[in-house]
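Engineer: For the record, the sequence lines run as chains B and U.
For the first sequence, counting from 1, position 251 maps to 250 in numbering that gives the first Met the number 0; every step adds exactly one.
For the second sequence, counting from 1, position 122 maps to 121 in numbering that gives the first Met the number 0; every step adds exactly one.
Yeah, the Cβ is synthetic: ideal placement off N, Cα and C, and Gly gets one too.
Predicted model, so just to flag it, every value in this text is computed and none were measured.
Sharing a structure below in C-alpha cells format, with a few things to ask.
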Amino acid sequence: MAQTDTPELVLEAGRASRDYWRDLWRYRELLGFLAWRDVKIRYKQTVLGVLWALIQPVVTLAVFTFIFGKLAGMPSGNAPYPLLVLCGLLPWQLFAAAFSNASGSLVANTHLIAKVYFPRLIVPLSSVAVALLDFAITLGLLALLCAWWRFVPDWRVLLLPLFIVLTLLTAIGTGLWLTALTVKYRDFRFVVPFLLQIGLFLSPVGFSSTNLPNWQHVYSLNPMVGAIDGFRWCLLHGEPTLDPLNLAVSVAMSGLLLASGLWYFRRTERTVADVI
Amino acid sequence: MSTPVIRVEGLGKRYYLSHEKRSDTLRDSLTQKFRQLGRRLAGGGGAEPAGEEFWALRDVSFDVAQGDVLGIIGRNGAGKSTLLKLLSRITEPTAGRATIRGRVASLLEVGTGFHPELSGRENIFLNGAILGMSRVEIRRKFDEIVAFAEIERFLDTQVKHYSSGMYVRLAFAVAAHLEPEILIVDEVLAVGDAQFQKKCLGKMNEVARGSGRTILFVSHNTGALQAICRTGLWLQQGQVAQAGPIANCLAGYLSSGNEAATFTATNPEKPHITSVTLDRTALAHGRFRVSVSFKASAPLSRPVIGVTIFSKLGQPLAGSNGRMMGEQWAPGVMSEGVITAEIDPLPLHSDTYRVSVYLGDAAQDYDQKLEAVEFDYVSPHFYPQCPPLSVIGQCDLPWRWTVEPK
Chain B
0 MAQTDTPELV
10 LEAGRASRDY
20 WRDLWRYREL
30 LGFLAWRDVK
40 IRYKQTVLGV
50 LWALIQPVVT
60 LAVFTFIFGK
70 LAGMPSGNAP
80 YPLLVLCGLL
90 PWQLFAAAFS
100 NASGSLVANT
110 HLIAKVYFPR
120 LIVPLSSVAV
130 ALLDFAITLG
140 LLALLCAWWR
150 FVPDWRVLLL
160 PLFIVLTLLT
170 AIGTGLWLTA
180 LTVKYRDFRF
190 VVPFLLQIGL
200 FLSPVGFSST
210 NLPNWQHVYS
220 LNPMVGAIDG
230 FRWCLLHGEP
240 TLDPLNLAVS
250 VAMSGLLLAS
260 GLWYFRRTER
270 TVADVI
Chain U
0 MSTPVIRVEG
10 LGKRYYLSHE
20 KRSDTLRDSL
30 TQKFRQLGRR
40 LAGGGGAEPA
50 GEEFWALRDV
60 SFDVAQGDVL
70 GIIGRNGAGK
80 STLLKLLSRI
90 TEPTAGRATI
100 RGRVASLLEV
110 GTGFHPELSG
120 RENIFLNGAI
130 LGMSRVEIRR
140 KFDEIVAFAE
150 IERFLDTQVK
160 HYSSGMYVRL
170 AFAVAAHLEP
180 EILIVDEVLA
190 VGDAQFQKKC
200 LGKMNEVARG
210 SGRTILFVSH
220 NTGALQAICR
230 TGLWLQQGQV
240 AQAGPIANCL
250 AGYLSSGNEA
260 ATFTATNPEK
270 PHITSVTLDR
280 TALAHGRFRV
290 SVSFKASAPL
300 SRPVIGVTIF
310 SKLGQPLAGS
320 NGRMMGEQWA
330 PGVMSEGVIT
340 AEIDPLPLHS
350 DTYRVSVYLG
360 DAAQDYDQKL
370 EAVEFDYVSP
380 HFYPQCPPLS
390 VIGQCDLPWR
400 WTVEPK
C-alpha cells in the first residue's frame, strides 16, 4: 500500500466523486472476492448441489416442449423443438437469475454497506457472477442435446458472446433500477418475481418469435426478444433470420435501461447507508 | 506537520425522524404511500420527506495532524458514530466538508463481511478485501494474521463452528494488519476476553507509536483512551464540546452534567419509577450518587428504593435497599417523591458499570428498571501497574497492609 502521492479526498454534500470509475477499478479485487463468495456458498448445505442448476432447465424444457411443441403444434424450423426451446431458455434463465440477484443485492448486503465504504456498484455487479455459473452449466446441457441430435452449430456460434453480453447488460440495467428502488421501498421485492413471471410469457422462450409476423418492431422493445432471437440465430444455423432493425430496437432499449439504471443507482448510492 | 491529514470544516449530518401517520384503512395507507412514491419519483430522491429533522452532527470543525491519535468521546447519541461514518465515506454529509489526505481504512465493526459458511482461511481473504487490502498484501501477511489470531488448527474449519472468542480474534487479527495511513476505529475493543483486549490495545499502541500513522479512536473505555490517545475530541449533542489534550477532554466529559433516564409508565395505576438520575459531578470526585423519582396513584406507606451496581459483564457488585434495614427505614407515607442513594467513597476500580433500580414498599416490589443508567468510572486512585479486573475483581476496597520483618 506504499503510495508515493497522497491522494486528497474531499467529502462534501452532493459532490459526486470525480474518481468514481477509477475507484471502481481500484476495488475490482473486491468485486472478484464478493462474486467468489457468492459462488462458493451457492450450493453449500444442499444435497443435490450443482445438480439444481440442471434440474430447473430440464424440467422447464420438458414442459415447454410439451405445451408449445406438442399441444400447440408450433413450428420449430429445421431444429428439433427441444433445442429451439433450450436456446430461448438459456438467455432467459441467465437474465432471470442475474436480474433477480442484482435486484436483491443491496438489501442482502446491508451489513457491508452500513459498515464499509466501497463503490456500491460492486454489489449488484458481483451478484451476477452466480448467474453466469448456472448459465455455464446449462450450456453444457445444450452441448449434450446437440450431440444427441447430432446437431452441429455453424460459424454463427462465434457471435454468441455478443448476445450473452446483451443479456447481461439488460439484466444489469433493470437490476440496478430495482435494487436501488428496493432499498427505499421494499415493495419492489414483490415486483421482481412478478416481472419475471410475466416476462417469461412476453419473451419468445417457449416458441419462435416468427410466430408473430406483425408488430415485430414493437415486440422488440422487450430487449430479451433481441437476445433470444440472437441466441437462436447463433446456435440454430441462422434461423429465424435476424432482422437488423428489430435487433437495433432491442439493443437500444437495453442501452437505455442500462444508462438510466446507472443514473438512478448513482443518485441513490451516496445516501444508501442512511435508508437501508 | 504542516498541513493536517484530516481537516473538518462545519461538518453536519441531518436525518429525518419519520413519524408515520396513522391511517385507518389499508386503502388510505396505500393511497398515501402511492402519492408519496409518485411525488418522490417525480421530484427526485432529494425531495423533502415528511418527518421531523434531526441533526446528528452539526457544525463540527477540527484538524488532525499526521501521526496524531485522536480519541473521540461523548455519550450515546452524541454523534460519534455518525462522524466516523462520514469520515469513512459510508454516507455523505449534509453540510460542510472534510478533506482527507491519505488512504483511510475504517474498522467500525469487527468481522464485517465474515461469512459463516466459509472457512477461516477464506474469511481472511474476504474480510481483508472488504477492508481494502489487495490479494498480494493479504497473502504476504497471512501467516502473521493466523499467528496473531491463534487459530492455526482451525484454519480450514467453517467460521460458523468457531467459538465467539475465536471469531473475534480472527476478525481483529485481519483488521490489525491493515496498513492504511489513517485508521478509524469504533468501539471494537468492547469485545473479546480481557487478555485479548490487552493484546489488541498493545497492537494499536504499537501501530500508533511506531509508524506515524494517524488514528481516530472512539471508545467508552477511558483507560484505553488515556493509554493510547494524545488528543481528544468531546462531542455533545452533535457538536464539539471540547478539543485538546486527551486528559482535559476526559476530565470535562466525565464531570459533565447528570446521566438521567426518564420513563413513561406502561400502567400509570401501578406505582412506578419516573426517572433515574446519576450525579456525574459526584462521580468525578469518587462518590456515587443516584436519585430515583417515583409516582403512585395511591400513597405508599413505606416506599422502598433498591439500587444495584453491576459490572459491564452483568455481575452484581453491590446493592442495597430500604427494606433490608427493617424498622430503621422510616421514610413516611407519600405518593410521589425522590429517594437518593449515595456511596462515599465509591470503592470500585475504573471501568464501565451499570445501575439497576427497583421500587417497592415494605411488602412487595412494584417496578424495576434494569440497567437504567450506565457510567464510566475513573477512580481517583491510580495504580501504576493494575492487573486486569478479571483477575483482581472490580472492588477497590480500603486495604491495609502490615509488614513485620523478622
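1) What residues from chain U crowd round His-311/B, counting only those whose CB sits closer than 9 Å?
2) Terminal residues of the continuous beta strand (DSSP E) containing His-176/U?
3) Who are the near neighbours of Val-248/B in its chain, counting only those whose CB is closer than 8 Å to its CB and skipping five residues on each side?
4) Counting only Cβ pairs nearer than 8 Å, list the residues of chain U close to Lys-69/B.
5) Closest to Gly-237/U by C-alpha separation, out of Arg-288/U, Pro-267/U and Asp-58/U, would be which residue?
6) Which same chain residues, not among the five before or five after Gly-305/U, have their C-beta less than 6 Å away from its C-beta?
7) Would you decide whether His-271/U is buried or exposed? Buried here means 16 or more other CB atoms lie within 10 Å of its CB.
8) Spell out whether any CB of chain B is found under 9 Å from the CB atom of Cys-394/U.
9) Indicate the three-state DSSP secondary structure (helix, strand or coil) for Val-332/U in the structure shown.
10) With Ile-227/U as the anchor, note down where its alpha helix (DSSP H) starts and where it stops.
11) Chain B partners of Arg-100/U, CB-CB under 9 Å?
12) Return the residues of the region 77 to 95 of chain U that lie within a Cβ-Cβ distance of less than 9 Å from chain B, sorted by chain order.
13) Would you call Gln-196/U buried or exposed, if buried means 16 or more other Cβ atoms sit within 10 Å of its Cβ?
14) Establish whether the CB of Gly-76/B and some CB of chain U are separated by less than 9 Å.
15) Would you identify the three-state DSSP class for Ala-362/U, choosing helix, strand or coil?
16) What would DSSP say about Gln-65/U, mapped onto helix, strand or coil?
17) Check the C-beta distance from Val-7/U over to Gln-65/U and give it rounded, since I have them as a contact under 8 Å.
18) Determine the burial state of Gln-196/B: buried for a count of at least 16 other Cβ atoms within 10 Å of its Cβ, exposed for fewer.
19) Measure the beta-carbon distance from Ile-227/U to Leu-200/U and round it to whole angstroms, keeping in mind my assumption that it falls under 8 Å.
20) Got a sec? Which residues, its chain only, sit under 6 Å from Leu-257/B by beta carbon, not counting five neighbours each side?
21) If the cut-off is 7 Å on Cβ atoms, which residues from the region 26 to 53 of chain B count as contacting chain U, listed in chain order?
22) Could you name the residues of chain B that Ser-105/U contacts, counting a contact when the two beta carbons are closer than 9 Å?
23) Need the endpoints of the alpha helix (DSSP H) that Lys-79/U sits in, please.
24) Determine whether the beta carbon atoms of Arg-279/U and Leu-316/U lie at a separation below 9 Å.
25) Would you kindly check if the distance between the Cβ of Ser-292/U and the Cβ of Val-275/U is under 9 Å?
26) In chain B, which residues lie with their C-beta within 7 Å of the C-beta of Arg-134/U?
27) Using only alpha-carbon positions, find the residue among Gly-229/B, Phe-187/B and Pro-243/B that is nearest to Phe-33/U.
28) Please compile the residues from chain B whose C-beta is within a distance smaller than 7 Å of the C-beta of Glu-116/U.
29) Touch check for the region 147 to 166 of chain B and the region 107 to 125 of chain B: three-plus C-beta pairs under 8 Å?
30) If we ignore side chains and look at the alpha-carbon of each, how far apart do Val-289/U and Pro-346/U end up?
31) Could you pull the DSSP bridge partners for Gly-305/U from this structure?
32) Are any of the Cβ atoms in chain U nearer than 9 Å to that of Asp-153/B?
33) Using alpha carbons as the reference points, say which of His-348/U, Asp-375/U, Ser-255/U and Cys-394/U lies closest to Pro-383/U.
34) Since Tyr-42/B contacts Trp-35/B with CB under 8 Å, what's their CB separation in whole angstroms?
35) Quick check on Lys-294/U: does DSSP put it in helix, strand or coil?
36) At the level of alpha carbons, what is the spacing between Pro-222/B and Pro-92/U?
Structural biologist: Straight from the coordinates:
1) There is no way to answer for residue 311/B, as the model of chain B reaches only from 0 to 275.
2) Looking at the DSSP string, His-176/U is not in any beta strand (DSSP E), and its letter there is neither H nor E.
3) Hits under 8 Å: His-216, Ser-219, Leu-220 and Gly-225.
4) Correct list: empty, because the minimum Cβ distance to chain U is about 43 Å.
5) Distance check between Gly-237/U and each of Arg-288/U, Pro-267/U and Asp-58/U places Asp-58/U closest, using alpha-carbon atoms only.
6) Result list for Gly-305/U: Asn-320 and Tyr-357, in chain order.
7) By the beta-carbon neighbour count (other beta carbons within 10 angstroms, threshold 16), His-271/U is buried.
8) Answer no: the Cβ-Cβ gap between Cys-394/U and chain B never drops below 9 Å.
9) In this structure, Val-332/U counts as coil in the three-state DSSP scheme.
10) That run of the alpha helix (DSSP H) goes 221 to 227.
11) Within 9 Å of the CB of Arg-100/U, the CB atoms of chain B belong to Thr-5, Pro-6, Glu-7 and Leu-8, in sequence order along the chain.
12) For the region 77 to 95 of chain U, the beta-carbon criterion of a distance under 9 Å to any beta-carbon of chain B is satisfied by Lys-84, Leu-85, Leu-86, Ser-87, Arg-88, Ile-89, Thr-90, Glu-91, Pro-92, Thr-93, Ala-94 and Gly-95.
13) With 16 or more other Cβ atoms within 10 Å, it is buried.
14) Chain U contact via Cβ: absent.
15) Three-state DSSP puts Ala-362/U in coil, outside helix and strand.
16) DSSP places Gln-65/U in coil when its eight states are reduced to three.
17) So it is not a contact: roughly 15 Å between Cβ atoms.
18) With fewer than 16 other Cβ atoms within 10 Å, it is exposed.
19) In this structure Ile-227/U touches Leu-200/U by the C-beta definition: roughly 7 Å separates them, less than 8 Å.
20) Closer than 6 Å at the Cβ level, and outside the excluded window around Leu-257/B, lie Leu-168 and Gly-172.
21) Contact annotation: in the region 26 to 53 of chain B, residues whose CB is within less than 7 Å of a CB in chain U are Glu-28, Leu-29, Phe-32, Arg-36, Lys-39, Ile-40 and Lys-43.
22) Going along chain B in sequence order, the residues near Ser-105/U (Cβ under 9 Å) are Lys-114, Val-115 and Tyr-116.
23) Judged by DSSP secondary structure, Lys-79/U falls within the alpha helix (DSSP H) whose first and last residues are 79 to 86.
24) No, they are not a contact pair.
25) Result yes, Cβ atoms of Val-275/U and Ser-292/U sit closer than 9 Å.
26) Near Arg-134/U (Cβ distances below 7 Å), the residues of chain B are Glu-28.
27) Nearest option by C-alpha distance: Phe-187/B.
28) Neighbours of Glu-116/U on chain B, chain order: Ile-40 and Lys-43.
29) Result no; under three Cβ-Cβ pairs closer than 8 Å.
30) Answer to the nearest angstrom: the Cα atoms are 15 Å apart.
31) Paired residue(s): Asn-320/U and Tyr-357/U.
32) Closer than 9 Å: no.
33) Pro-383/U has its Cα closest to that of His-348/U, out of His-348/U, Asp-375/U, Ser-255/U and Cys-394/U.
34) Not really, about 14 Å apart at Cβ, beyond 8 Å.
35) Shown here, Lys-294/U sits in a strand according to DSSP, grouped into three states.
36) Distance between the alpha carbons of Pro-222/B and Pro-92/U: 39 Å.
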